[in-house]
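So the structure is just underneath, and the comments pick up after that.
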Amino acid sequence: MDGKDFYIYIITNKKLGTLYIGYANDMKDRMKRHKSGNGSVFAKRYNLDKLVYYEKYKFPNVAIKREKQLKKWKRQWKINLINDFNSNWEDLTYFFE
Numbered sequence: 021m022d023g024k025d026f027y028i029y030i031i032t033n034k035k036l037g038t039l040y041i042g043y044a045n046d047m048k049d050r051m052k053r054h055k056s057g058n059g060s061v062f063a064k065r066y067n068l069d070k071l072v073y074y075e076k077y078k079f080p081n082v083a084i085k086r087e088k089q090l091k092k093w094k095r096q097w098k099i100n101l102i103n104d105f106n107s108n109w110e111d112l113t114y115f116f117e
C-alpha cells in the first residue's frame, strides 16, 4: 500500500435533511465535485453538498463493506451516528481543502 486512505462519508443539504452515503479515495476531489453539482445525480437533485460525517480506512474493501452496511441502516441510526460525530451538523469539507 502506498499509504492512500479510503473514506465513507455522509452528505446532506441541511440538518436532518436528505442523506447521501458515499465512498471515495480522494475526499478533496469528491467534495469539490459534489459542491459543483457533479458528484452524483442523486446528490445534485437534492443539493447535497454539506459533509457532515466521514470515516477513514486504510483498505478499500473495508470502506466499501462499511458503506454498504450504513446504506442498510434505518434513517434514525444514521442521524444518531451524525449527531455523535458532528452534533451541529457543520460542513466538515474544510478538513479536506
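Taken in order, the sequence shown gives residues 21 to 117; the numbers are from the working numbering. By construction, the Cβ of each residue, glycine as well, lies at the ideal position given by its N, Cα and C atoms. It should be emphasised that the depicted structure is a prediction, and the values quoted were computed from it without experimental measurement.
Check: In chain order, what residues of the same chain have a beta carbon less than 7 angstroms from the beta carbon of PHE116, not counting five sequence neighbours either side?
Finding: MET47, LYS48 and MET51
Notebook entry, point to check: Around the C-beta of GLU87, are 16 or more other C-beta atoms found within 10 angstroms, so that it is buried, or is it exposed?
Noted result: buried
Next item on the list: Within 10 angstroms of the Cβ of GLY57, are there 16 or more other Cβ atoms? Answer buried if so, exposed if not.
Entry: exposed
Margin query: Below 8 angstroms on the Cβ atoms is my contact criterion, and I expect THR38 with LYS70 to pass it. Report the Cβ-Cβ distance as a whole number of Å.
Written below: THR38 to LYS70, Cβ: 11 angstroms. No contact.
Check: Distance, Cα to Cα, ARG53 vs GLY59?
Finding: 5 angstroms
Notebook entry, point to check: When you compare only the Cα positions, how much space is there between ASN103 and TYR74?
Noted result: 12 angstroms
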